[in-house]
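Colleague: Chains as they are written, first to last, in this note's numbering: chain U, 17 to 296; chain V, 12 to 316.
All C-beta atoms in this analysis are idealised placements derived from N, C-alpha and C, irrespective of residue type, glycine included.
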Amino acid sequence: MKTELSPRAKVALYGLMCVLLIPFVFPTWWMITSSVKPISDIFAFPPDLWPRRFDWLTYQRVFELQPFGRQYWNSAYIAAIVTVGTMVVSSMAGYAFARIKFPFSNALFMVVLLGLLIPSEVTIVPLFQMFLGWNMINTHWPLILVPIFGAPSVFATFVMRQFFISLPGELEEAARVDGLGRFKIFWTIALPLAKPALGAVAIFTFLHSWNLYLEPIVFLSSTHMFTLPQALTQFTDAYGGAMWNIQLAAATMTAIPVLLVFIVAQKQFVEGLAHTGLKG
Amino acid sequence: MSQPIDTKRKPAFWTMHRRDAAAGYLFIAPQLLGIITFVLIPLGLVFYYSLHEWNVLANTFTFVGDANYQLLLRDPNLPQVLWASAVFSAGLVVLNMSLALLLAVLLDQKLKGIVVFRTLFFSPVVVSLVAWTIVWSFLLQANGGINGMLAMIGIEGPNWLRLPSTAMVSVVVVQVLKNVGLNMILFLAALQGVPKELYEAARVDGAGRFKQFRRITLPMISPTILLTSIITIVGSLQVFAQIAILTKGGPGVSTTVLVYYLYQQAFQFNFFGYGSTLSILLFLIVAVLTFIQWQMRKRIVFYEN
């Protein structure tokens, strides 16, 4: 349907898209601008699209009310470990299921796929009890181990398998004739070719870990162990009311880095994610 | 080959096949052990727990048979919880899929600056979920930004998140706006994979744009539609943070979806036995939905080959 549009149709289309964009773009704009307004201006009427006065102290208070730097570090290092770990686990499993013939491989693949069928919320009660038994409650272990090895990485394994299936077999045959072992073939031939799929896996694994909410509030109890999503909701006054300017400043600091990376690398982001759905 | 061949040597144990099998098991071991430890064993445990009454304070754990399942049938909240889950999922899936398809078709046009529009429509996907939800709870307050803007055109907006009639709609809309970009991108990729010759042939036959869309586009992208609908429905059943932050399940239990109810029962009221029973219910619902969609795949979805 890519015929040339008439100029009038183009104007109409631009207009329609601009109107549709408002609810997608406005909240982020509102979050950033409100985070630098003094609390008294936050509910001003009519609403200010640009701050009348700036109050940068809000950003300082975020770090005074909670160990926000520490919480930032918690989220960042957990997401980094989970992303790298998932890339390793899922590329190895995906490669084996796609390219190595071994007994029961299909049956074992079905077992692994069960991880896609069973939402992690179903198993949250026993997981809590298991980690309690291993003295790992209020540590970051559950947030690292379960995503890398458990259900969340199954989708990544599936994506990697679909990718490795589509690779031509001749490359490997040549390597085998040269006497390369399986691990060498995987590491030096298959994996470098799998960069697009690995990129997609890295993106959605990172976003998944960065956004995790139920698991941290179940597994973590002390403020300095909190991750960002959990910490954001804790900026409340003595009556449990939200301290809006501070919540919004903390939310802005949580959202901006990923948003900036996305703007710089948006092509890879979009193509990477589209890639995961294409051959589903 | 410089060594003389030892004809008396036994056949090597490590044949290529065995070597391959060993490598295969080694490669899948981390994932397989992870699934056993963190999915299959917990699934067995959750069923086991559901047959017990578990009093954390008194530290007792007693077998009660199907008592928790009886409780499930009599739970006065459960019909409303299931209804809320169904309304949320249905609303989310319908809105998400249709908006994603509309946006994908719009963004598939040849226009200058279209990449900028794609980027902006996609941007909420990368804003962290809790940050996005917090901004919306700020916007949707009685004196928040949405009502502020409505007031400028003379409309007095309601307290969106505190009214039974608007709370669920608000939660659905907030969630659709957050994630519709993902489905939009998947649809866009599918649209761009439809062979252009088909449209040309249809135009020669005199088919209009709408007919082309219905007869060519929709069937050609049906595998993607099915895949995204499965992902979206299962995802909609897992929604938790949005509810916890926007409405805490209220007003009443009007936005208490199953996962939120299960969290409340297990981790706020310490009813681990009953919480486990609710987990089994969630598992069954997901399993049945996945099965139905898998069956539909055979009937509805058009495959080129």
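Does any residue of chain U have a CB that is nearer than 8 Å to the CB of Val268(V)?
Modeller: The residue given as residue 268(V) occupies position 257 in the second sequence. So no, Val268(V) is outside the interface.
Colleague: Report buried or exposed for Val35(U), applying the criterion of at least 16 other Cβ atoms within 10 angstroms of its Cβ.
Modeller: One-based indexing of the first sequence puts residue 35(U) at position 19. By the neighbour-count rule (16 or more Cβ atoms within 10 Å), Val35(U) is not buried but exposed.
Colleague: Name the DSSP beta bridge partners of Ala258(U), please?
Modeller: Numbered from 1 along the first sequence, position 242 holds the residue referred to as residue 258(U). Thr252(U).
Colleague: For Ala111(V), which residues of its own chain have a beta-carbon under 6 Å away from its beta-carbon, when the five flanking residues on both sides are left out?
Modeller: Sequence index remark: in the second sequence, residue 111(V) carries index 100 (1-based). Counting only Cβ-Cβ distances below 6 Å, and skipping sequence neighbours, we find Val191, Asn194, Met195, Phe198.
Colleague: How would you label Val92(V), buried or exposed, when you count the other beta carbons within 10 angstroms and need 16 or more for buried?
Modeller: Sequence index remark: in the second sequence, residue 92(V) carries index 81 (1-based). Classification for Val92(V): buried.
Colleague: Quick check on His240(U): does DSSP put it in helix, strand or coil?
Modeller: Sequence index remark: in the first sequence, residue 240(U) carries index 224 (1-based). DSSP places His240(U) in helix when its eight states are reduced to three.
Colleague: Looking at Asn261(U): is its Cβ nearer than 8 Å to the Cβ of Ile48(U)?
Modeller: What you label residue 261(U) is simply residue 245 of the first sequence in a count that begins at 1. What you label residue 48(U) is simply residue 32 of the first sequence in a count that begins at 1. No, they are not a contact pair.
Colleague: Which of the residues in the segment 144 to 159 of chain U, read from start to end, lie with their CB under 8 Å from any CB of chain V?
Modeller: Phe144, Gln145, Met146
Colleague: First and last residue of the alpha helix (DSSP H) that includes Glu167(V)?
Modeller: By one-based count along the second sequence, residue 167(V) stands at place 156. Looking at the DSSP string, Glu167(V) is not in any alpha helix (DSSP H), and its letter there is neither H nor E.
Colleague: Starting from the beta carbon of Tyr229(U), find every residue of chain V whose beta carbon is closer than 8 Å, and list them in chain order.
Modeller: Working through the first sequence from its first residue, we reach residue 229(U) at position 213. Correct list: Leu140, Val141, Phe251, Ala252, Ala255.
Colleague: Given this structure, state the Cα-to-Cα distance separating Ala200(V) from Phe72(V), to the nearest angstrom.
Modeller: In the second sequence, counting from the first residue as 1, residue 200(V) sits at position 189. In the second sequence, counting from the first residue as 1, residue 72(V) sits at position 61. Spanning the two alpha carbons is a distance of roughly 53 Å.
Colleague: Is it the case that the Cβ atoms of Tyr111(U) and Phe171(U) are separated by a distance below 8 Å?
Modeller: The residue you call residue 111(U) lines up with position 95 of the first sequence. The residue you call residue 171(U) lines up with position 155 of the first sequence. No, Cβ-Cβ distance for Tyr111(U) and Phe171(U) is not below 8 Å.
Colleague: What residue range is occupied by the uninterrupted alpha helix (DSSP H) comprising His63(V)?
Modeller: Against the second sequence, residue 63(V) aligns to sequence position 52. Element bounds for His63(V): not the alpha helix (DSSP H) but the beta strand (DSSP E), 63 to 66.
Colleague: Whose Cβ in chain V lies nearer than 7 Å to the Cβ of Trp260(U)?
Modeller: Counting from 1 along the first sequence, the entry for residue 260(U) is found at position 244. Going along chain V in sequence order, the residues near Trp260(U) (Cβ under 7 Å) are Phe149.
Colleague: In terms of residue numbering, what span does the alpha helix (DSSP H) encompassing Ala130(V) cover?
Modeller: Numbered from 1 along the second sequence, position 119 holds the residue referred to as residue 130(V). It is Thr, not Ala, that sits at residue 130(V) in the sequence shown. Segment 125 to 137, the alpha helix (DSSP H) holding Thr130(V).
Colleague: Got a sec? Which residues, its chain only, sit under 6 Å from Pro67(U) by beta carbon, not counting five neighbours each side?
Modeller: One-based indexing of the first sequence puts residue 67(U) at position 51. Residues Thr49, Val52, Lys53 of the same chain have their beta carbon placed closer than 6 Å to that of Pro67(U), with the five preceding and five following residues left out of the count.
Colleague: Nearest-angstrom Cα distance between Glu315(V) and Val205(V)?
Modeller: For this step, residue 315(V) is matched to residue 304 along the second sequence. For this step, residue 205(V) is matched to residue 194 along the second sequence. The predicted position of Glu315(V) is uncertain, since its pLDDT is 46 and thus under 50; a value taken from the coordinates is nonetheless stated next. Cα to Cα, the separation comes out at about 10 Å.
Colleague: Based on the DSSP output, what are the partners of Phe74(V) in its beta bridges?
Modeller: On the second sequence, position 63 is the one that residue 74(V) refers to. Phe74(V) pairs with His63(V).
Colleague: Alpha carbon to alpha carbon, how far is Ile236(V) from Lys295(U)? Give it in angstroms, no decimals.
Modeller: Looking up residue 295(U) in the first sequence gives position 279. Looking up residue 236(V) in the second sequence gives position 225. At Lys295(U) the pLDDT is 42, less than 50, meaning the model places this residue with poor confidence; the figure from the coordinates comes in the next sentence. In a straight line, the C-alpha of Lys295(U) is about 13 Å away from that of Ile236(V).
Colleague: Starting from the Cα of Arg192(U), find the closest Cα among Thr99(U), Ile116(U), Phe147(U), Leu159(U) and give me that residue.
Modeller: Start at 1 with the first residue of the first sequence, and residue 192(U) comes out as number 176. It is Ile116(U) whose Cα lies nearest to the Cα of Arg192(U).
Colleague: State the start and end residues of the unbroken alpha helix (DSSP H) segment that holds Asn90(U).
Modeller: The residue given as residue 90(U) occupies position 74 in the first sequence. Here the alpha helix (DSSP H) through Asn90(U) covers 84 to 115.
Colleague: Mind checking which residues open and close the alpha helix (DSSP H) that includes Thr49(U)?
Modeller: As a working mapping, residue 49(U) is identified with position 33 in the first sequence. Thr49(U) -> alpha helix (DSSP H) spans 23 to 51.
Colleague: On the DSSP letters alone, give me the boundaries of the alpha helix (DSSP H) that Ser56(U) sits inside.
Modeller: What you label residue 56(U) is simply residue 40 of the first sequence in a count that begins at 1. Where Ser56(U) is concerned, the enclosing alpha helix (DSSP H) stretches over 55 to 58.
Colleague: Give me the Cβ distance between Pro43(U) and Trp171(V), rounded to the nearest whole Å; I'm assuming they're in contact under 8 Å.
Modeller: Your numbering for residue 43(U) matches position 27 in the first sequence. Your numbering for residue 171(V) matches position 160 in the second sequence. The pair is not a contact, with the Cβ atoms about 14 Å apart (cut-off 8 Å).
Colleague: Please classify Ala271(U) as buried or exposed, where buried requires at least 16 other C-beta atoms within 10 Å of its C-beta.
Modeller: Looking up residue 271(U) in the first sequence gives position 255. Answer is buried; the Cβ neighbour count reaches 16.
Colleague: Rounded to whole angstroms, what is the Cα-Cα separation between Val286(U) and Phe282(V)?
Modeller: Within the first sequence, numbered from 1, the residue matching residue 286(U) stands at position 270. Within the second sequence, numbered from 1, the residue matching residue 282(V) stands at position 271. Cα-Cα distance, rounded: 43 Å.
Colleague: Consult DSSP for Phe282(V) and reduce its assignment to one of helix, strand or coil.
Modeller: For the purposes of this step, residue 282(V) is identified with residue 271 of the second sequence, where counting begins at 1. Strand.
Colleague: Which stretch, first to last residue, makes up the alpha helix (DSSP H) that contains Trp143(V)?
Modeller: Reading the second sequence from its first residue, position 132 is the one you call residue 143(V). 140 to 150 is the extent of the alpha helix (DSSP H) around Trp143(V).
Colleague: By Cβ distance below 6 Å, which residues in the same chain neighbour Gly197(U) in space, the five residues on each side in sequence not counted?
Modeller: Here residue 197(U) refers to the residue found at position 181 of the first sequence. Non-local beta-carbon contacts of Gly197(U) in its own chain, meaning distances under 6 Å to residues more than five positions away in sequence, are absent.
Colleague: For Phe179(U) and chain V, any beta-carbon pair shorter than 8 Å?
Modeller: Your numbering for residue 179(U) matches position 163 in the first sequence. Phe179(U) does not count as touching chain V.
Colleague: Can you give the Cα-Cα distance for Tyr285(V) and Leu295(V), rounded to whole angstroms?
Modeller: Against the second sequence, residue 285(V) aligns to sequence position 274. Against the second sequence, residue 295(V) aligns to sequence position 284. Looking at the two C-alpha atoms, the distance is approximately 15 Å.
Colleague: Can you give the Cα-Cα distance for Leu244(U) and Trp226(U), rounded to whole angstroms?
Modeller: Along the first sequence, read from residue 1 onward, the residue named residue 244(U) stands at position 228. Along the first sequence, read from residue 1 onward, the residue named residue 226(U) stands at position 210. Using only the alpha carbons, I get a separation of about 8 Å.
Colleague: Mind checking which residues open and close the alpha helix (DSSP H) that includes Ser265(V)?
Modeller: By 1-based counting over the second sequence, the position of residue 265(V) is 254. Where Ser265(V) is concerned, there is no enclosing alpha helix (DSSP H), given that its DSSP letter is neither H nor E.
Colleague: For chain U, check one thing: does any of its Cβ atoms lie closer than 8 Å to the Cβ of Gln306(V)?
Modeller: As a working mapping, residue 306(V) is identified with position 295 in the second sequence. Not closer than 8 Å to any Cβ of chain U, the Cβ of Gln306(V) fails to qualify, so no.
Colleague: Measuring only the C-alpha atoms, how far is Arg173(V) from Gly263(V)?
Modeller: Counting from 1 along the second sequence, the entry for residue 173(V) is found at position 162. Counting from 1 along the second sequence, the entry for residue 263(V) is found at position 252. Whole-angstrom Cα-Cα distance: 9 Å.
Colleague: In the structure shown, what three-state DSSP assignment does Lys259(V) receive?
Modeller: Taking the first residue of the second sequence as 1, we reach residue 259(V) at position 248. Lys259(V): coil per DSSP, three-state reduction.
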